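Enquirer:
2 protein chains.
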Amino acid sequence: MEHARLVDAMEALVLDLQGAIVAAIEAADGAGRFARDAWQRPGGGGGVTRVLAGGALVEKGGVNVSRVHGPVPPRMAARLPGDGDTFAAVGLSLVLHPRSPWVPTTHMNVRLLARGAKAWFGGGADLTPYYLFEEDAAWFHGELRGACERHRPGSYAEWKRTCDSYFFLPHRGEHRGVGGIFFEDLGGDPWKELSLVEDVGRSFLRAWLPIAERRRALAWGDREREWQEIRRGRYVEFNLLHDRGTVFGLETGGRTESILMSLPPRVQWRYDHHPEPGSEEERLLQVIRTPRDWA
Amino acid sequence: MEHARLVDAMEALVLDLQGAIVAAIEAADGAGRFARDAWQRPGGGGGVTRVLAGGALVEKGGVNVSRVHGPVPPRMAARLPGDGDTFAAVGLSLVLHPRSPWVPTTHMNVRLLARGAKAWFGGGADLTPYYLFEEDAAWFHGELRGACERHRPGSYAEWKRTCDSYFFLPHRGEHRGVGGIFFEDLGGDPWKELSLVEDVGRSFLRAWLPIAERRRALAWGDREREWQEIRRGRYVEFNLLHDRGTVFGLETGGRTESILMSLPPRVQWRYDHHPEPGSEEERLLQVIRTPRDWA
Chain S
84 MEHARLVDAM EALVLDLQGA IVAAIEAADG AGRFARDAWQ RPGGGGGVTR
134 VLAGGALVEK GGVNVSRVHG PVPPRMAARL PGDGDTFAAV GLSLVLHPRS
184 PWVPTTHMNV RLLARGAKAW FGGGADLTPY YLFEEDAAWF HGELRGACER
234 HRPGSYAEWK RTCDSYFFLP HRGEHRGVGG IFFEDLGGDP WKELSLVEDV
284 GRSFLRAWLP IAERRRALAW GDREREWQEI RRGRYVEFNL LHDRGTVFGL
334 ETGGRTESIL MSLPPRVQWR YDHHPEPGSE EERLLQVIRT PRDWA
Chain A
84 MEHARLVDAM EALVLDLQGA IVAAIEAADG AGRFARDAWQ RPGGGGGVTR
134 VLAGGALVEK GGVNVSRVHG PVPPRMAARL PGDGDTFAAV GLSLVLHPRS
184 PWVPTTHMNV RLLARGAKAW FGGGADLTPY YLFEEDAAWF HGELRGACER
234 HRPGSYAEWK RTCDSYFFLP HRGEHRGVGG IFFEDLGGDP WKELSLVEDV
284 GRSFLRAWLP IAERRRALAW GDREREWQEI RRGRYVEFNL LHDRGTVFGL
334 ETGGRTESIL MSLPPRVQWR YDHHPEPGSE EERLLQVIRT PRDWA
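Those protein sequences? They're chains S and A, same order as listed.
Mapping to the working numbering: the first sequence position 210 is 293, numbers consecutive.
Mapping to the working numbering: the second sequence position 50 is 133, numbers consecutive.
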């Protein structure tokens, strides 16, 4: 394997990140604990899925790492850049669905793929609020901006736009949330990219936890909960209809339960639901229909 | 339009079916009423969506008809059989999600497509129980079998197999439910096919209502409700990941709310959920993993 050292370094990074994030979320949650599932991939490699259900802060969340390798599966061959008959992929993927509708759902992912002579990183993080607190969106984006700009001046603005276009539901005319960053296949020195990816990964807790701490104690009732469950339906629609990682993972024989840990715990679909004009719920819709600059 | 008379006849049929089914379901429900939404398609045509939410028997359901026509949309051109720059499509599609976990969810669809010299019918009906009552599955299949065999001896067995392969979730190794029938593009005399499609459409109430009436009064609690909501998650996974009508409809600018009325009202996703060995819940899993002959 041409990129064995890089793959090893990325594996060490994602395992370290997983440990740090799991520990910090458990400490913040106070009640929930992450279960641990180690799994093997029949074709080569495996992963460790950490899932928390029924916490005080996090209603359902997962922080997964995997390192898989082996012959390129037939369904992957045409869609995976590079050439060569073997591949390796190392990544961390997390999704946290908070219990309180005031606390935004969040997702972060960093990954390295290698095939033949080619090795490339990708990743991103985004925020999906149920109610809009402008300072929360600005904070989240500001932390990610810092991580990006320290390594590649000018990158944040580009990856923010990429995130806005990626997390989009055309059939709803809505973005998934207030965005974040999304990047893939930067084409530079892979060891420099590894430090960028590390910085993005480490910025996640600074970006999300202060928001969660700020909003978790606010009281909420049936109205906020129903809105949250309806909006979670859009999260499901995006992940199953559009998310390349989800669809590609399921099609190429990825571990179903690890991939679908991203789906929210309780979800509602109502026919033709519209929030009241002028309500806070409608204010959220406006901002996810027309992305803003936050940082 | 080459097939104008056929399209008109199919439209008359689906409107008549819609009226009959809505009336019968309302009468059986006793509490819920179908709202009515008429909509226009910018490219030509439109439809009438009938949706019932919060009924006594039906927690959420829709019985939709549409008749659309016009220039073939670019994204449709390569995937739609026939040639010619214009198309017409007429169909009825229904999904009923019952409140009680003892009553199975059901779906039925009949449709006519025409493009240039080609006109072809398609349709089907299937049953998605949360608990297995063998006599219910046999009854549902028996009614459909009657409708098929009256018109095309030998067709039921074939369309039952087509249904089993179509309503399959590869990432779960599960079929959507206990099946039914599914057929498309039969290639015969279209007017004879119209009577077949009519018979399938009219058999729906006879196939499903007696089952619903038989099971609706059974008591249920949290255990059955949670299992129902978890299984509804599989319904969502199938419709968003695999159902051609849903994906094709959303991609080609169909009316989102009419298409997604098929999604259940309340759904749960739990990480790596497995029913207890020997339980009724596990008995259901066995039958949806290995389809049986029912009629």
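Even for Gly, the Cβ is constructed at its ideal location relative to N, Cα and C.
Since we're looking at a predicted model, the values are computed, not measured.
Just how far apart, CA to CA, sit S:D376 and S:L367?
Expert: Numbered from 1 along the first sequence, position 293 holds the residue referred to as residue 376 of chain S. Numbered from 1 along the first sequence, position 284 holds the residue referred to as residue 367 of chain S. Going by the C-alpha atoms only, they are around 15 angstroms apart.
Enquirer: Rounded to the nearest angstrom, what separates S:A290 and S:D282 at their Cα positions?
Expert: Along the first sequence, read from residue 1 onward, the residue named residue 290 of chain S stands at position 207. Along the first sequence, read from residue 1 onward, the residue named residue 282 of chain S stands at position 199. Looking at the two C-alpha atoms, the distance is approximately 12 angstroms.
Enquirer: So the candidates are S:Q351, S:S149, S:D166; which of them puts its Cα closest to the Cα of S:P157?
Expert: Mapped onto the first sequence, residue 157 of chain S falls at position 74. The candidate whose alpha carbon is nearest that of S:P157 is S:D166.
Enquirer: Helix or strand or just coil, what does DSSP make of A:P187?
Expert: Sequence index remark: in the second sequence, residue 187 of chain A carries index 104 (1-based). Of the three classes helix, strand and coil, the one that applies to A:P187 here is coil, per DSSP.
Enquirer: Could you check if A:W274 is buried or exposed, using at least 16 other CB atoms within 10 Å of its CB as the buried criterion?
Expert: Counting from 1 along the second sequence, the entry for residue 274 of chain A is found at position 191. Result: exposed.
Enquirer: Taking S:E340 as the query, report the chain A residues whose CB atoms sit under 7 angstroms from its CB, ordered along the chain.
Expert: Here the question's residue 340 of chain S lines up with position 257 in the first sequence. Those within 7 angstroms of S:E340 in chain A are Y354, D355.
Enquirer: Could you pull out every residue in the same chain whose Cβ sits closer than 6 angstroms to the Cβ of A:F223, ignoring the five residues on either side in sequence?
Expert: Counting from 1 along the second sequence, the entry for residue 223 of chain A is found at position 140. Only L210, A290 meet the Cβ criterion.
Enquirer: May I ask you to verify whether the segment 228-243 of chain S touches the segment 193-204 of chain S, counting CB pairs closer than 8 angstroms and requiring at least 3?
Expert: Judged by Cβ distances under 8 angstroms, the segment 228-243 of chain S makes no contact with the segment 193-204 of chain S, as fewer than three pairs qualify.
Enquirer: In three-state DSSP terms, what is S:R235?
Expert: Position 152 of the first sequence, counting from 1, holds the residue named residue 235 of chain S. Note: S:R235 maps to coil in three-state DSSP.
Enquirer: Figure out for me which residue from S:E320, S:W310, S:I342 has the closest Cα to the Cα of S:E257.
Expert: The residue labelled residue 257 of chain S in the question sits at position 174 within the first sequence. The option with the nearest alpha carbon to S:E257 is S:E320.
Enquirer: Give a yes or no on whether 8 angstroms exceeds the smallest Cβ distance from S:V134 to chain A.
Expert: Reading the first sequence from its first residue, position 51 is the one you call residue 134 of chain S. Yes - at least one Cβ of chain A is within 8 angstroms of the one on S:V134.
Enquirer: Does A:P374 come out as helix, strand or coil in the three-state DSSP assignment?
Expert: Counted from its first residue, the second sequence places residue 374 of chain A at position 291. Residue state, collapsed to three classes: coil.
Enquirer: Out of S:F266, S:F216, S:A161, point me to the one whose CA is closest to S:S238's CA.
Expert: In the first sequence, the residue the question calls residue 238 of chain S occupies position 155. Selected option, being the one with the closest Cα: S:F266.
Enquirer: Please classify S:S248: is it buried, with 16 or more other beta-carbons within 10 angstroms of its beta-carbon, or exposed?
Expert: Numbered from 1 along the first sequence, position 165 holds the residue referred to as residue 248 of chain S. Counting Cβ neighbours within 10 Å, S:S248 comes out exposed, since fewer than 16 surround it.
Enquirer: Apply the 10 Å Cβ neighbour rule to A:A118 and answer buried if 16 or more other Cβ atoms are within range, or exposed otherwise.
Expert: As a first step, residue 118 of chain A must be located in the second sequence, where it is residue number 35. Per the 10 Å Cβ criterion, exposed.
Enquirer: Along chain A, which residues have their Cβ under 7 angstroms away from the Cβ of S:Q351?
Expert: Residue numbering aside, residue 351 of chain S sits at position 268 when the first sequence is read from its first letter. Within 7 angstroms Cβ-Cβ: P348, R349.
Enquirer: Can you tell which of S:H254, S:A240, S:A208, S:W242 has its C-alpha closest to the C-alpha of S:F287?
Expert: Indexing the first sequence from 1 puts residue 287 of chain S at position 204. That would be S:A208, whose Cα lies nearest to the Cα of S:F287.
Enquirer: Taking 6 angstroms as the limit between beta carbons, can you name the residues of its chain near A:K143, skipping five residues before and five after?
Expert: By one-based count along the second sequence, residue 143 of chain A stands at place 60. So the qualifying residues of the chain are A136, H180, P348.
Enquirer: Check each candidate in S:G206, S:V155, S:W303 and name the one with the smallest Cα separation from S:S176.
Expert: Locating residue 176 of chain S in the first sequence gives position 93, counting from the first residue. Ranking S:G206, S:V155, S:W303 by Cα distance to S:S176 puts S:G206 first.
Enquirer: Between the alpha carbons of A:P212 and A:P184, how many angstroms are there, rounded?
Expert: Residue 212 of chain A sits at position 129 when you count from the first residue of the second sequence. Residue 184 of chain A sits at position 101 when you count from the first residue of the second sequence. Cα-Cα distance, rounded: 8 angstroms.
Enquirer: Between A:L98 and chain S, is any beta-carbon pair separated by less than 8 angstroms?
Expert: Walking along the second sequence from the start, residue 98 of chain A turns up at place 15. False, the Cβ-Cβ gap to chain S never drops below 8 angstroms.
Enquirer: Could you check the C-alpha separation between A:H190 and A:G263 for me, to the nearest Å?
Expert: As a first step, residue 190 of chain A must be located in the second sequence, where it is residue number 107. As a first step, residue 263 of chain A must be located in the second sequence, where it is residue number 180. Rounded to the nearest angstrom, the two C-alpha atoms are 10 angstroms apart.
Enquirer: Would A:R255 count as contacting chain S if we go by Cβ distances under 8 angstroms?
Expert: In the second sequence, counting from the first residue as 1, residue 255 of chain A sits at position 172. Yes, its Cβ sits closer than 8 angstroms to a Cβ of chain S.
Enquirer: Are the Cβ atoms of S:R259 and S:R317 separated by less than 8 angstroms?
Expert: Within the first sequence, the letter at position 176 stands for residue 259 of chain S. Within the first sequence, the letter at position 234 stands for residue 317 of chain S. Contact flag set, yes.
Enquirer: On the DSSP letters alone, give me the boundaries of the beta strand (DSSP E) that A:V134 sits inside.
Expert: The residue given as residue 134 of chain A occupies position 51 in the second sequence. Start and end: 128-136.
Enquirer: Need the endpoints of the beta strand (DSSP E) that S:F204 sits in, please.
Expert: Taking the first sequence and counting its residues from 1, the one referred to as residue 204 of chain S is at position 121. Residues 201-211.
Enquirer: So, does the CB of A:L343 fall closer than 8 angstroms to a CB anywhere in chain S?
Expert: Locating residue 343 of chain A in the second sequence gives position 260, counting from the first residue. Yes, its Cβ sits closer than 8 angstroms to a Cβ of chain S.
Enquirer: Please classify S:W352: does DSSP put it in a helix, a strand, or coil?
Expert: Counting from 1 along the first sequence, the entry for residue 352 of chain S is found at position 269. Three-state result, S:W352: coil.
Enquirer: According to DSSP, simplified to helix, strand and coil, what is A:G145?
Expert: Against the second sequence, residue 145 of chain A aligns to sequence position 62. Three-state DSSP puts A:G145 in a strand.
Enquirer: Per DSSP, which one or two residues make a beta bridge with S:Q101?
Expert: Within the first sequence, numbered from 1, the residue matching residue 101 of chain S stands at position 18. The partner list for S:Q101 (beta bridge, DSSP) is empty, contrary to what the question assumes.
Enquirer: Measuring only the C-alpha atoms, how far is S:F204 from S:H86?
Expert: For the purposes of this step, residue 204 of chain S is identified with residue 121 of the first sequence, where counting begins at 1. For the purposes of this step, residue 86 of chain S is identified with residue 3 of the first sequence, where counting begins at 1. Taking the straight line from one Cα to the other gives about 12 angstroms.
Enquirer: Going along the chain, which residues of the segment 313-332 of chain A sit with their C-beta nearer than 8 angstroms to a C-beta in chain S?
Expert: Flagged, chain order: G316, V319, E320, L323, L324, V330.
Enquirer: Just tell me which of S:A220, S:A202, S:L292 has its CA closest to the CA of S:A103.
Expert: Numbered from 1 along the first sequence, position 20 holds the residue referred to as residue 103 of chain S. Comparing Cα positions, the closest option is S:L292.
Enquirer: Under three-state DSSP, which class holds A:L89?
Expert: Taking the second sequence and counting its residues from 1, one reaches residue 89 of chain A at position 6. It is helical.
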